[in-house]
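Below is one structure, written out as structure tokens; comments come after it.
Protein chains: 2
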Amino acid sequence: MSGRAITYLSGGVGGAKLALGLAQVLPADDLSIIANTGDDFDHLGLRICPDIDTLVYTLSGRANTAQGWGRTGETDSFMTAMRELGGPDWFFLGDHDLAMHVERTRRLNAGARLTEVTTHLASALGVGPRILPMTDQAAPTIINTVDGALPFQDYFVRLHAAPVVTGFALHGGVAVAPTVEVMAALDRPDMVIVGPSNPFISIDPILDLTGVCTRLKALKQTGTPIVCVSPIVGGDAIKGPTAKMFRELGETPSVGAIARRYRDIISHLVIDNQDRADASDLAELGLRITVTGTVMQTLDDRIALAEAVLAIGP
Amino acid sequence: MSGRAITYLSGGVGGAKLALGLAQVLPADDLSIIANTGDDFDHLGLRICPDIDTLVYTLSGRANTAQGWGRTGETDSFMTAMRELGGPDWFFLGDHDLAMHVERTRRLNAGARLTEVTTHLASALGVGPRILPMTDQAAPTIINTVDGALPFQDYFVRLHAAPVVTGFALHGGVAVAPTVEVMAALDRPDMVIVGPSNPFISIDPILDLTGVCTRLKALKQTGTPIVCVSPIVGGDAIKGPTAKMFRELGETPSVGAIARRYRDIISHLVIDNQDRADASDLAELGLRITVTGTVMQTLDDRIALAEAVLAIGP
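Residue numbers (my numbering), protein chains in the order written: chain A, 1 to 314; chain B, 1 to 314.
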């Protein structure tokens, strides 16, 4: 498969699982991963990029897969001392993980772009594929809830995603441009893959960047396969608030709901065997459907799903 | 001894040892410690105050006394990860210790004065006596050496105090004011104690603050005991580059050299039993001399020295 240009759109945990599968079966140079930065925020003076870090830790073999976030072998001396000092402790920062945020912030403050900093940090940990932040600008996702508008991490971590969602203000409500590296990765890829990530808060922030949707539609028109792996399996999400958000927004979480959201920009939808009964309905939306195992518990699951996706033709 | 107002001038390690002795024998309200901030610097976006932290860790029972700096039970996950990322690793930051710097920086950036931040952090760790930064302004000590002018931590940590010293530019070469809290502690104390700290880089930065020397001379004139505990014992320093600096500046390190430096502002000098032979010469300088054990290896040593100093009358 060498020489194919594969561009993969990803959020955090779910997206990173398939990223690892893709990284196992593709030469590193073939894979560009566009990472959501809508979850990024400043905390304790540090720039924190959760989805980028999840990708870096996952692809470098450092992810704490049991916990679902953070680094393996992590220690918590900093948080213990922080609590002792009466400092903010609602967002856990492991001692190793802190180095990532401190060094990223140091390099950003010295004038480097997030794209450059990410390339350095990922490379230092031995990550092969390019991890491209979707933008170098601030593009915070605001969650509108019945309790008011909430910055993403307030909603997700501090309030445990409990408030009922009424909508989203992506990019802090202003127009934000993707990087030139992101647009280059979308210039003439052989395939675009939309990861099994939360559509509202992981994928939409990427799609809504100036020019990205238009570019994907043009690619679809010219026959480039644009393949989405459904984040909904059997009417629910594997992890995180995706299904809850669908319900709160008045829609039943289903592969059909995923198909309808993405139908203008994707050509193919990959759904799980559990959703096989829905395949014919989805085909009526003009999408080609692949039915396979999409639940990734083991590394073999990740590799098998990556291979199934990459086997999809134009 | 309740109700006495004791003001103690201190640098880091040596000064903190006697501070602990004083804190053991004085009611907390009686003791104000003026801490050198000339070693403070910004590193990795964090404000680091080594002498304040040494005092806080020592007085709260958290100092790593075996190592001579840092916290006891410290872990190094952050530094390990930092090295992995190719970040700056010449200044060791323990995982617990990091919380101090992060929380201090966060509070300073939110607009608090260093004095207020220090009071909060010390109090959170259970420190009773007031620890007063000598100033809330930046007042960096620059070390002039045969290799050029060096910021203090570059000289002390990065270059291991190796370059030959030719002089000092205190407070970055500009006039710096003490805080109102420092001047209040020098307003009408019952006794001022100058700790056994490096005269050039720990005590001079305090003495050279606008108005401090004048105030000490006035206190001395009115009979307030101003007691210095010699940092030179038997012609050498217990720790650190004090003796080396004396020699590089062309002076023999001795209790006499200490007496001559401070004779205008102190009334009493406390010297170690090893230096008993010099006592009569020192008396000719107009100082009252106390000869006792000043080498503090155990907590009992610290307490005994504190009691000997506090027993000094006007």
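By construction, the Cβ of each residue, glycine as well, lies at the ideal position given by its N, Cα and C atoms.
Count the other CB atoms within 10 Å of the CB of residue i; is the residue buried (16 or more) or exposed (fewer)?
i, result
"D204/A", "buried"
"M1/A", "Note that M1/A scores 44 on pLDDT, short of 50, meaning its location in the model is unreliable and no value can be drawn from it."
"E284/A", "exposed"
"D30/B", "buried"
"L98/B", "buried"
"D264/A", "exposed"
"H160/B", "exposed"
"N109/A", "exposed"
"K17/A", "buried"
"R276/A", "exposed"
"D187/B", "exposed"
"G12/A", "buried"
Measuring only between beta-carbons, confirm whether residue i sits less than 9 Å from chain A.
i, result
"P253/B", "no"
"F168/B", "no"
"E103/B", "yes"
"E84/B", "yes"
"G94/B", "yes"
"F41/B", "no"
"N64/B", "no"
"T75/B", "yes"
"F91/B", "no"
"M1/B", "Because the pLDDT of M1/B is 44, which lies under 50, any placement of that residue in the model is unreliable, and the number read from its coordinates should be weighed accordingly. It does not; no Cβ of chain A falls within 9 Å."
"G61/B", "no"
"F200/B", "no"
"D158/B", "Per the sequence presented here, residue 158/B reads as Arg, with Asp not at that position. No, R158/B does not count as interfacial toward chain A."
Rounded to whole angstroms, how far is the Cβ of residue i from the Cβ of residue j, which I believe are closer than 8 Å?
i, j, result
"T54/A", "W69/A", "7 Å"
"G86/B", "A124/A", "5 Å"
"G223/B", "M183/B", "In fact, because the Cβ distance is near 20 Å, the residues do not count as touching under 8 Å."
"E74/B", "H43/B", "Going by Cβ atoms, the distance from E74/B to H43/B rounds to 17 Å, so no, they are not a contact pair."
"S60/A", "G111/A", "Not a contact, Cβ separation roughly 26 Å."
"F41/B", "Q153/B", "5 Å"
"V164/B", "E248/B", "5 Å"
"V229/A", "G195/A", "6 Å"
"A28/B", "G128/B", "3 Å"
"R5/A", "P178/A", "According to the sequence displayed, residue 5/A carries Ala and not Arg. Not really, about 17 Å apart at Cβ, beyond 8 Å."
Based on Cα-Cα distance, which residue from the options lies nearest to residue i?
i, options, result
"L287/B", "H171/B, P225/B, T214/B and M134/B", "P225/B"
"R260/B", "L282/B, R276/B, D97/B and P189/B", "L282/B"
"L305/B", "A5/B, R4/B and Q24/B", "Q24/B"
"R47/A", "I33/A, S77/A, Y8/A and T118/A", "T118/A"
"V192/B", "T214/B, L219/B and D208/B", "L219/B"
"Q274/A", "H268/A, V291/A, T242/A and I266/A", "V291/A"
"A122/B", "C49/B, P151/B and Q67/B", "C49/B"
"T58/A", "L20/A, L26/A and E84/A", "L20/A"
"F92/A", "P178/A, K239/A, G173/A and V157/A", "V157/A"
"V56/B", "I34/B, D76/B, G45/B and A169/B", "I34/B"
"G167/A", "F246/A, G235/A, R107/A and P231/A", "F246/A"
"A257/A", "K239/A, D278/A and P241/A", "D278/A"
"A308/B", "Q297/B, D39/B, I271/B and T298/B", "I271/B"
So, does the CB of residue i fall closer than 9 Å to a CB anywhere in chain B?
i, result
"T224/A", "no"
"P163/A", "no"
"T115/A", "no"
"A154/A", "For clarity, residue 154/A is Asp in the given sequence; the question names Ala instead. False, the Cβ-Cβ gap to chain B never drops below 9 Å."
"A81/A", "yes"
"T54/A", "no"
"D29/A", "no"
"L46/A", "yes"
"A99/A", "yes"
"Y8/A", "no"
"G111/A", "no"
"G87/A", "yes"
"R260/A", "no"
"F246/A", "no"
Identify every residue that forms a DSSP beta bridge with residue i.
i, result
"H43/B", "L46/B"
"H268/B", "V227/B and R288/B"
"S10/A", "A35/A"
"F168/B", "I143/B"
"A63/A", "R71/A"
"V295/B", "Looking at the DSSP assignment, V295/B forms no beta bridge with any residue, so it has no partner."
"G149/B", "The sequence given here places Ala at residue 149/B; Gly does not occur at that position. BP columns for A149/B point to N144/B."
"T236/B", "Checking the sequence, you will find Asp at residue 236/B rather than Thr. Bridge partners of D236/B: V233/B."
"I131/A", "I33/A"
"I201/B", "BP columns for I201/B are empty, so no partner."
Give a single yes or no on whether residue i has its beta carbon closer than 8 Å to a heavy atom of the ligand NAD.
i, result
"M183/A", "The ligand NAD is not among the ligands present in this structure, which contains no ligands whatsoever."
Listed in chain order, which residues of the region 121-134 of chain B have Cβ atoms closer than 7 Å to some Cβ of chain C? Of the protein chains in this structure, namely A and B, none is chain C.
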